[in-house]
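> Let me begin by handing over the structure; questions about it come next.
Residue numbers (the working numbering): 1 to 602.
This is the structure we're talking about:
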């Protein structure tokens, strides 16, 4: 009844095979073939699945039969893709040749499975007058959107663009299904982690959430965690024409593009534009963050949290899914080089004049903070731990030599090899940071949220910065966005003081000067663990020892935390410790047809 008048714009291959080479072309035969796959041999299983799915996509058969055969292949293909991903995830974002082939293979498997379900959709359109055909169409539409979501997730974790036409197909399938009124049908998906009975709209909204999350500013594990909770959180966002006036985001269902902030759309919002409303989710995230900061909040439930999300990730999602903020500084195209050292250890080494960490722990002269405060005219610091059994001051520098310290055996000369300085190309600059091009292979520790020290010339001192976003493409290589945190830093040693038991080892820290322009007092940068807001710590730097409290958190990422200290008299940016320094300112995946050389190495 409806079928002949409808048109679904999807590209599919020609079905020119009468039978399959590896099994009979029946659901029962495919199910039996899958049961015999050598799952312990990843290379052979991947080869067989790759060949089978591409052959099945050329087989002429009824859509109901094809759908059943695809369902039998879906689970083993997902298993193979998950295992293959271990060859290239959690490493450098610039893959080696073998890794690149594995990435292409995983993408090809997902795309081939997507193509199979697209064939089901196209062949089912003429039969849409029946209830059974509509249910089958809804299931296949859900599978197309789900497979494309997996490709979106993979592209996000590799910081590359999603393959061409992926969003076009996703948007087209959703639009067509919505026009047919198929959103009411529930679809069983055993591959889902939490919600087994789902729908086309729910799967599509999950993809939209990921696309709006600025994943190029996140680490791979954070992207995985966000993807997991979005399976549940898709209930808290709305999509449709009626939400267009109030929604922050919109999506053009006739385009090959993801959703974007409505304020960035400079064209007429015609009937293909749907509003993507994230207000309820943002409100719930805000309430959850607020409640989690209170001691009696264990029973408060604002959001399902099947996996742990750090406060920094929650804050990121809150900002990403909300109103678009304008850039503080204007970018200026630049040329030249920027020297970069990566990680807290490397920063500590270079800001201390290429001195190994161990010397920071010796020759320390303890000071009396109350006397020091009085001498400088500051109000005396009330120490709530003054009477604790372990609160005795250090008697002499000699006694420090018996304390446990970080074992750093390298000499400064060899340490330079451990903490290399990378010469990168400047793309643009602003007073707040840089955009750089990273030459060649990117080290594994270069990740979103990682600390850096940077300088434009050897004559300038090191500035402290953080990686805010990353992007990689075959044509442009790896581009990295860097935000400056401070024009300079004072290296120090920091120890967590515990009320009971042993104190922590001394770890590297950085004292950052006050930034009066943004109203930020002097701060302390520490490793991500074990330091937390409210901890009492012992600082050692420049012949000075001081007990402080980490009074509030300024920032935290997967690599470091930044705290305001409760005592700042000796951390004043006008003090000698902070003199002298000049302020520094300043694709698409290719799908390979052949993987013959890859199978044996897997």
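From the three backbone atoms N, C-alpha and C, an ideal C-beta is built for every residue, glycine too.
Go ahead and pull the three-state DSSP assignment for residue 491.
Taking the first residue of the chain shown as 1, we reach residue 491 at position 491. Note: residue 491 maps to strand in three-state DSSP.
> Taking the alpha-carbon of residue 432 as reference, which of 481, 157 and 170 has the nearest alpha-carbon?
Sequence index remark: in the chain shown, residue 432 carries index 432 (1-based). It is 481.
> Rounded to the nearest angstrom, how far is the Cβ of residue 206 from that of residue 234, given a contact under 8 Å?
For this step, residue 206 is matched to residue 206 along the chain shown. For this step, residue 234 is matched to residue 234 along the chain shown. Confirmed, about 5 Å.
> Looking at C-alpha atoms only, which residue of 283, 463 and 119 is the closest neighbour of residue 342?
Translated into positions along the chain shown, residue 342 becomes position 342. The candidate whose alpha carbon is nearest that of residue 342 is 463.
> What are the complete alpha helix (DSSP H) segments, minimum 4 residues, inside the segment 116–186?
131–158 and 166–179
> Which one or two residues does DSSP pair with residue 502 in a beta bridge?
Within the chain shown, numbered from 1, the residue matching residue 502 stands at position 502. Paired residues: none, contrary to the question.
> Since residue 470 sits in a beta bridge, which residues does DSSP pair it with?
Taking the chain shown and counting its residues from 1, the one referred to as residue 470 is at position 470. In the DSSP output, where bridge partners are listed per residue, residue 470 has 480.
> Whole angstroms is fine: what's the gap from residue 221's alpha carbon to residue 191's?
Residue 221 sits at position 221 when you count from the first residue of the chain shown. Residue 191 sits at position 191 when you count from the first residue of the chain shown. Each residue's Cα considered, the two are about 20 Å apart.
> Taking its Cβ as the centre, do 16 or more other Cβ atoms sit within 10 Å of residue 536, making it buried, or is it exposed?
Here residue 536 refers to the residue found at position 536 when the chain shown is read from its first residue. It counts as buried.
> Name the residue from 484, 507 and 318 whose alpha carbon lies nearest to the alpha carbon of residue 515.
For the purposes of this step, residue 515 is taken as the residue at position 515 of the chain shown. The shortest C-alpha separation from residue 515 is found at 484.
> Is residue 510 near residue 348, with beta carbons less than 8 Å apart?
Translated into the one-based positions of the chain shown, residue 510 becomes position 510. Translated into the one-based positions of the chain shown, residue 348 becomes position 348. Yes, the Cβ-Cβ distance between residue 510 and residue 348 is below 8 Å.
> Please list the terminal residues of the continuous alpha helix (DSSP H) segment that includes residue 33.
Stepping through the chain shown from its first residue, residue 33 is reached at position 33. Its alpha helix (DSSP H) spans residues 27–35.
> Assuming residue 239 is part of the beta strand (DSSP E), what are its boundary residues?
Locating residue 239 in the chain shown gives position 239, counting from the first residue. Residue 239 -> beta strand (DSSP E) spans 238–240.
> Taking DSSP's pairing of strands, which residues face residue 526 in a bridge?
Position 526 of the chain shown, counted from the first residue, corresponds to residue 526. Paired residue(s): 561.
> Going straight from the alpha carbon of residue 80 to that of residue 285, what length do you get?
For this step, residue 80 is matched to residue 80 along the chain shown. For this step, residue 285 is matched to residue 285 along the chain shown. Their backbone Cα atoms lie some 35 Å apart in a straight line.
> Less than 8 Å between the CB atoms is what I'm expecting for residue 259 and residue 276, so what's the real figure, rounded?
Your numbering for residue 259 matches position 259 in the chain shown. Your numbering for residue 276 matches position 276 in the chain shown. With 8 Å as the limit, residue 259 and residue 276 qualify as a contact, their Cβ atoms being about 5 Å apart.
> Can you tell me whether residue 194 is buried or exposed, with buried defined as 16 or more other CB within 10 angstroms of its CB?
Residue mapping note: residue 194 aligns to position 194 of the chain shown, counting from 1. That one is exposed.
> Could you check how far apart the C-beta atoms of residue 208 and residue 261 are, in whole angstroms? I think they sit under 8 Å.
Taking the chain shown and counting its residues from 1, one reaches residue 208 at position 208. Taking the chain shown and counting its residues from 1, one reaches residue 261 at position 261. Incorrect: roughly 13 Å between the Cβ atoms, too far for contact.
> With 16 as the cutoff for other CB atoms within 10 Å, does residue 201 come out buried or exposed?
Looking up residue 201 in the chain shown gives position 201. Its Cβ being crowded by 16 or more others within 10 Å, residue 201 is buried.
> Roughly how many angstroms separate the alpha carbons of residue 467 and residue 264, rounded to a whole number?
For the purposes of this step, residue 467 is taken as the residue at position 467 of the chain shown. For the purposes of this step, residue 264 is taken as the residue at position 264 of the chain shown. Their Cα atoms are separated by approximately 25 Å.
> Using a Cβ-Cβ cutoff of less than 7 Å, which residues in the same chain neighbour residue 157 once the five nearest sequence positions on both sides are dropped?
Here residue 157 corresponds to residue number 157 of the chain shown, with the count starting at 1. These residues qualify, in order along the chain: 89, 220 and 223.
> Where DSSP assigns a beta bridge to residue 548, which residues make up the other side?
As a working note, residue 548 is residue 548 in the chain shown. 537, per the DSSP bridge assignment.
> Reducing DSSP to helix, strand and coil, say where residue 419 ends up.
As a working note, residue 419 is residue 419 in the chain shown. Note: residue 419 maps to coil in three-state DSSP.
> Could you tell me how far apart the beta carbons of residue 66 and residue 119 are, in whole angstroms, since I believe they sit closer than 8 Å?
Mapped onto the chain shown, residue 66 falls at position 66. Mapped onto the chain shown, residue 119 falls at position 119. Yes, they are in contact, since the Cβ atoms of residue 66 and residue 119 sit about 6 Å apart, within 8 Å.
> If you draw a straight line from the alpha carbon of residue 607 to that of residue 491, how long is it in whole angstroms?
Lying outside 1 to 602, the shown extent of the chain, residue 607 is not represented and no answer is given.
> Distance check for residue 434 and residue 428, CA to CA, integer angstroms please.
Against the chain shown, residue 428 aligns to sequence position 428. Against the chain shown, residue 434 aligns to sequence position 434. Each residue's alpha carbon lies about 6 Å from the other.
> Once DSSP output is grouped into helix, strand and coil, what is the label at residue 276?
Here residue 276 refers to the residue found at position 276 of the chain shown. Note: residue 276 maps to strand in three-state DSSP.
> Since residue 59 sits in a beta bridge, which residues does DSSP pair it with?
Residue 59 sits at position 59 when you count from the first residue of the chain shown. In the DSSP assignment, residue 59 forms a beta bridge with 17.
> Does the segment 304–312 come within contact of the segment 329–345, defined as at least 3 CB pairs closer than 8 Å?
no
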